[in-house]
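Peer 1: Take this structure, written in structure tokens, and hold onto it; I'll ask about it next.
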Amino acid sequence: MIIYRDLISHDEMFSDIYKIPEIAGGLYLEVESKMVSRTEGNIEDSLIGGNASAEGPEGEGTESTAVTGVDIVMNHCLQETSFTKEAYKKYIKDYMKSTKGKLEDQRPERVKPFMTGAAE
Numbered sequence: 001m002i003i004y005r006d007l008i009s010h011d012e013m014f015s016d017i018y019k020i021p022e023i024a025g026g027l028y029l030e031v032e033s034k035m036v037s038r039t040e041g042n043i044e045d046s047l048i049g050g051n052a053s054a055e056g057p058e059g060e061g062t063e064s065t066a067v068t069g070v071d072i073v074m075n076h077c078l079q080e081t082s083f084t085k086e087a088y089k090k091y092i093k094d095y096m097k098s099t100k101g102k103l104e105d106q107r108p109e110r111v112k113p114f115m116t117g118a119a120e
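Here the sequence shown stands for residues 1 to 120, numbered as in UniProt numbering.
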């Protein structure tokens, strides 16, 4: 399994279990995901051990809740963010500058295609 990490922070972002087409000649990746609903807190009787009916009323202490979200966010414990338009522009500008610096150090041959794609 391939784990994709952020170039700057080295945080785990996603794995190769998703469809990941390259966009703009490899400038960035687009990860295809979907909305899913999961039940959390539901404990199977086989995991409790013993006879659950002899232990007390069914369902006691094993409440479950349904959680709905994007599968990539839920599977990789990502944090959702919210930006104003101006805050996002500032963030992405700083991020692109940091990315360019990393590319200059590690993969200088990719700087020109990166800057060309970023300008589009």
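Idealized CB from N, CA, C, for every residue including glycine.
Note that the structure is a prediction, hence the values are computed from the model and not measured.
Could you give the C-beta distance for Ile-20 and Glu-12, rounded to a whole number, given that I count them as a contact under 8 Å?
Peer 2: Ile-20 to Glu-12, Cβ: 14 Å. No contact.
Peer 1: Just list the alpha helix (DSSP H) runs in the UniProt domain "TCTP" (1 to 120), keeping only unbroken ones of 4 residues or longer that don't cross its boundaries, in chain order.
Peer 2: Correct list: 45 to 48, 52 to 55, 71 to 75, 85 to 106 and 111 to 119.
Peer 1: Enumerate in chain order the residues of its own chain whose CB-to-CB distance from Val-111 is below 8 Å, with the five nearest sequence positions on each side excluded.
Peer 2: So the qualifying residues of the chain are Lys-100, Leu-103 and Glu-104.
Peer 1: Can you tell me whether Phe-83 is buried or exposed? The criterion is at least 16 other CB atoms within 10 Å of its CB, across all chains shown.
Peer 2: With fewer than 16 other Cβ atoms within 10 Å, it is exposed.
Peer 1: Pull up the distance between the alpha-carbon of Glu-80 and that of Asp-6, whole angstroms please.
Peer 2: Rounded to whole angstroms, Glu-80 to Asp-6 spans 15 Å at the Cα level.
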